[in-house]
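Those sequence lines, one after another, are chains R and H.
Our numbering applies: residue 175 is where the first sequence begins, and numbers increase by one.
Our numbering applies: residue 11 is where the second sequence begins, and numbers increase by one.
The C-beta atom is built at its ideal place from N, Cα and C for all residues, glycine as well.
Note that the coordinates shown come from a computational prediction; the quantities given were computed from them, not determined experimentally.
What follows is a single structure, written as structure tokens, with notes after it.
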Amino acid sequence: MKSCIFPAFTLATILLTGGPAAIAQSGPEETPAAESEADTDPMQDPMQVVRGAKAWNETCSRCHNLRSPSELTDEEWDVSVTHMRVRGNLPASDVRDILAFLQASNNQ
Amino acid sequence: MTCAKYRSVALATVALIGLPALAQETQEQSPPDPQTAALLERIEQLEAELADLRGVVLQSTETASKAEAAAQDAVDRIAEVQDQTSPAPSYAVSPGMPDTKWHLAGYADVGFVGGDTPGPDSFVSGKFNPALHFQYKDFLLFEGEFEYATTGDGETESELEYSQIDLVLNDHTVLVVGKYLSPIGQFQERLHPSWINKVQGAPAGFGHDGVQPTSDTGVQLRGSIPAGVTRLTYALAVGNGPRTTSEGGVELMGMGSDDNSNKSVGGRIGFFPMPALEVGGSYLTSRVDGIMNPDMPVPAGSGLPLDARFQLWGVDAAYTKGPVAARFEYLKSERGKLFTATDEEPDGVLLPDLKMEAWYGQLSYRLSGFSDSEFIHRLEPVVRYGEFSISGHPELEEENAQNRLNAGLNYWLAPTIVAKAGLEWRDYTVPGVPDETLIQFQLGYGF
Numbered sequence: 175m176k177s178c179i180f181p182a183f184t185l186a187t188i189l190l191t192g193g194p195a196a197i198a199q200s201g202p203e204e205t206p207a208a209e210s211e212a213d214t215d216p217m218q219d220p221m222q223v224v225r226g227a228k229a230w231n232e233t234c235s236r237c238h239n240l241r242s243p244s245e246l247t248d249e250e251w252d253v254s255v256t257h258m259r260v261r262g263n264l265p266a267s268d269v270r271d272i273l274a275f276l277q278a279s280n281n282q
Numbered sequence: 011m012t013c014a015k016y017r018s019v020a021l022a023t024v025a026l027i028g029l030p031a032l033a034q035e036t037q038e039q040s041p042p043d044p045q046t047a048a049l050l051e052r053i054e055q056l057e058a059e060l061a062d063l064r065g066v067v068l069q070s071t072e073t074a075s076k077a078e079a080a081a082q083d084a085v086d087r088i089a090e091v092q093d094q095t096s097p098a099p100s101y102a103v104s105p106g107m108p109d110t111k112w113h114l115a116g117y118a119d120v121g122f123v124g125g126d127t128p129g130p131d132s133f134v135s136g137k138f139n140p141a142l143h144f145q146y147k148d149f150l151l152f153e154g155e156f157e158y159a160t161t162g163d164g165e166t167e168s169e170l171e172y173s174q175i176d177l178v179l180n181d182h183t184v185l186v187v188g189k190y191l192s193p194i195g196q197f198q199e200r201l202h203p204s205w206i207n208k209v210q211g212a213p214a215g216f217g218h219d220g221v222q223p224t225s226d227t228g229v230q231l232r233g234s235i236p237a238g239v240t241r242l243t244y245a246l247a248v249g250n251g252p253r254t255t256s257e258g259g260v261e262l263m264g265m266g267s268d269d270n271s272n273k274s275v276g277g278r279i280g281f282f283p284m285p286a287l288e289v290g291g292s293y294l295t296s297r298v299d300g301i302m303n304p305d306m307p308v309p310a311g312s313g314l315p316l317d318a319r320f321q322l323w324g325v326d327a328a329y330t331k332g333p334v335a336a337r338f339e340y341l342k343s344e345r346g347k348l349f350t351a352t353d354e355e356p357d358g359v360l361l362p363d364l365k366m367e368a369w370y371g372q373l374s375y376r377l378s379g380f381s382d383s384e385f386i387h388r389l390e391p392v393v394r395y396g397e398f399s400i401s402g403h404p405e406l407e408e409e410n411a412q413n414r415l416n417a418g419l420n421y422w423l424a425p426t427i428v429a430k431a432g433l434e435w436r437d438y439t440v441p442g443v444p445d446e447t448l449i450q451f452q453l454g455y456g457f
């Protein structure tokens, strides 16, 4: 069991970060807009959503309560997280991770 | 693949451990022939390789356990967070985003204020603050917010709270241009919306007519830079700055244009001694002009101070962890002697140095871990105590200088919907001014 940690870890990561979605996404018909969202492509950085969840929990509750990811659409989260980046002087890398997490968990 | 690798390592180990024993026996019986010598050499090589391999195996087992722990940690955190907000994760595909995205947000509140005050108990219509945000690609954001309120006389008051364009220059810097909430201190920029503020109303000295600037019009450079183990956040601003009021005070809000060529320069620097604690320091310097009465020009060479230096500095701290939020802010401002026309002295008057000082500490605790009752989980007691002192302006001092204690109980209907019930004791510090006790109810909704 212990010697099979790596495969288990990889599998968990893929499951956690929306492997199926990523697989569905990786078609040849990627639009330029989809490319500009490359930062949040789980296939490119499988741990991003995990980091995002952690950063969200730590950062986004500093000034106010956390809202459920399902409150906003992907587009609205994009705008709102940029708004918060400016308001809270948040580090850009955290902001990208948090956005990936919110967009991955909002049921949209 | 990994399992197979481990298997081969095990086989190699068995083979290698067996072989040297055999070789040793052979060595004792007779001097080694060239073939055996070569074999022995090969065995030595293999032994060295095996030692290396053992090292590698040990190391990777260690890395693997670390990775496993990290993965478990991440899984736990996600479960915890999803528990709190209960969305079922779908990980759905985000469709290609348009270049321009927008979001309609803001907040509103309604309420009731009564108690031992000069006025009658009354329902208050509260505020309605719609906010609009437009984002172009990922580098430009427009944000604007209005505030609408109904006055005691039934008039509708409206104010442009902020209207700014934010240009993302790089990972560490955003350029802000326009009218923005003042980055000095914390309350105005971060805490004043009624779904964020845990108490109804601002601490004494932190609202309009206080020490804390509410807004300014100008430019800001702001962002975050890594600094060793911590992180520095900064907001540096150059704006039109404060202005003298017709009562002889200082108005600290964003004006549409400047009344003097001297700009305000200031900002705030914050850092995190630990993740849950943010500590900040703010500073602002500017000059304010006296108001000129066109019918009574001040003769040249009068030696009267027609403008004065205005300076403000402060420190703040916020500790937020789980159900606890503790906040503290201190601000102090000074304006030099100034000759100005006022409502009471339209011909002009020489005002002495004006000094203002305000601070508050606030502690709130969400009772989320206290019992099985859903009702109790939603409750949050809060206390806030603050002091506001003014010297150099008797009327302002009489009206505003006070020690203020708030005690309240909030009930959270949702993360951004709160019903607040509170008591506010205002102990005015000028002798003869009667103290007030207020009972306040407010329903706030951030959307």
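Min CB distance residue i to chain R below 9 Å
i: H/GLN145; result: yes
i: H/LEU453; result: no
i: H/ASP148; result: yes
i: H/MET284; result: no
i: H/LEU151; result: yes
i: H/VAL289; result: no
i: H/LEU201; result: yes
i: H/PRO236; result: yes
i: H/ILE194; result: no
i: H/GLU446; result: no
i: H/TYR244; result: yes
i: H/PRO97; result: Bear in mind that a pLDDT of 40 at H/PRO97, under 50, signals an unreliable position, so the number given afterwards is only what the model happens to contain. Cβ-Cβ to chain R under 9 Å: yes for H/PRO97.
i: H/ASN180; result: yes
i: H/HIS387; result: no
i: H/TYR101; result: Residue confidence is low: H/TYR101 scores 35 on pLDDT, short of 50, so the model does not pin down where it sits. Its coordinate-derived value is still stated next. Judged by the 9 Å Cβ criterion, H/TYR101 is in contact with chain R.
i: H/VAL184; result: yes
i: H/LYS189; result: no
i: H/PRO459; result: The structure shown does not extend to residue 459 of chain H, since chain H is modelled only from 11 through 457, so no value can be given for it.
i: H/PRO425; result: yes
Beta-ladder partner(s) of residue i, from DSSP
i: H/ASP126; result: H/THR447
i: H/LYS208; result: According to DSSP, H/LYS208 bridges with nothing at all.
i: R/HIS257; result: BP columns for R/HIS257 are empty, so no partner.
i: H/GLY442; result: H/GLY442 is not bridged to any residue.
i: H/THR227; result: H/LYS189
i: H/GLU155; result: H/ALA141 and H/TYR172
i: H/HIS113; result: H/HIS143
Cβ-Cβ distance between residue i and residue j below 9 Å
i: H/LEU348; j: H/GLY276; result: no
i: H/GLY396; j: H/PRO213; result: yes
i: H/TRP369; j: H/LEU341; result: yes
i: R/HIS238; j: H/GLY154; result: no
i: H/ARG253; j: H/ALA245; result: no
i: H/MET302; j: H/PRO356; result: no
i: H/ASP109; j: H/LYS137; result: no
i: H/LEU364; j: H/LEU322; result: no
i: H/GLY290; j: H/GLN196; result: yes
i: R/VAL253; j: H/VAL186; result: no
i: H/ASP131; j: H/GLY124; result: yes
i: H/HIS113; j: R/GLU250; result: yes
Below-9 Å beta-carbon distance, residue i vs any chain H residue
i: R/ASP271; result: no
i: R/PRO265; result: yes
i: R/ASP252; result: yes
i: R/ASP219; result: no
i: R/ILE179; result: Since pLDDT at R/ILE179 reaches only 38, below the 50 mark, its modelled position is unreliable, and the value read off the structure follows with that caveat. Chain H, which has a Cβ nearer than 9 Å to the Cβ of R/ILE179, makes this yes.
Closest residue to residue i among the options (Cα-Cα distance)
i: H/GLU367; options: H/SER234, H/LEU50, H/ALA411 and H/LEU377; result: H/ALA411
i: H/MET265; options: H/SER192, H/ILE427 and H/SER378; result: H/SER192
i: H/GLN230; options: H/GLY313, H/LEU179 and H/GLY371; result: H/LEU179
i: H/LEU389; options: H/LEU373, H/GLY249 and H/LEU423; result: H/LEU423
i: H/THR350; options: H/TYR172, H/GLU257, H/ALA61 and H/LYS111; result: H/GLU257
i: H/ILE235; options: R/ASP248, R/LEU240, R/SER267 and R/PRO220; result: R/SER267
i: H/ILE449; options: H/GLY442, H/LEU49, H/GLY432 and H/ALA310; result: H/GLY432
i: H/GLU407; options: H/GLY259, H/GLY195, H/ARG319 and H/ASP326; result: H/GLY259
i: H/GLY249; options: H/ARG297, H/ILE279, H/VAL209 and H/GLY238; result: H/ARG297
i: R/GLY226; options: R/ARG270, R/VAL253 and R/LEU264; result: R/ARG270
i: H/LEU419; options: H/GLY379, H/GLU409, H/GLU405 and H/GLU434; result: H/GLU434
i: R/THR233; options: H/LEU287, H/GLY313, H/ALA79 and H/ILE427; result: H/LEU287
i: H/HIS403; options: H/PHE281, H/LEU360 and H/ASP268; result: H/LEU360
i: H/ARG345; options: H/THR255, H/ILE427 and H/ALA327; result: H/THR255
i: H/GLU171; options: H/LEU68, H/THR161, H/HIS202 and H/GLU165; result: H/HIS202
i: H/LEU150; options: R/HIS257, R/SER235, R/GLY262 and R/LEU273; result: R/HIS257
Proximity test, residue i beta-carbon vs the ligand HEM heavy atom, cut-off 8 Å
i: H/PRO128; result: The ligand HEM is not among the ligands present in this structure, which contains no ligands whatsoever.
Practice prompt. Return the chain-ordered ranges of every beta strand (DSSP E) run that is complete within the segment 334-402 of chain H and spans a minimum of 3 residues.
Written response: If you keep only unbroken beta strand (DSSP E) runs of at least 3 residues inside the segment 334-402 of chain H, you get 334-345, 348-350, 359-361, 364-375 and 389-401.
Worksheet item: Residue ranges of each beta strand (DSSP E) run of no fewer than 3 residues wholly in the segment 256-317 of chain H, ordered along the chain?
Response: Counting only unbroken stretches of 3 or more residues, the beta strand (DSSP E) elements lying wholly within the segment 256-317 of chain H are 274-284 and 287-299, in sequence order.
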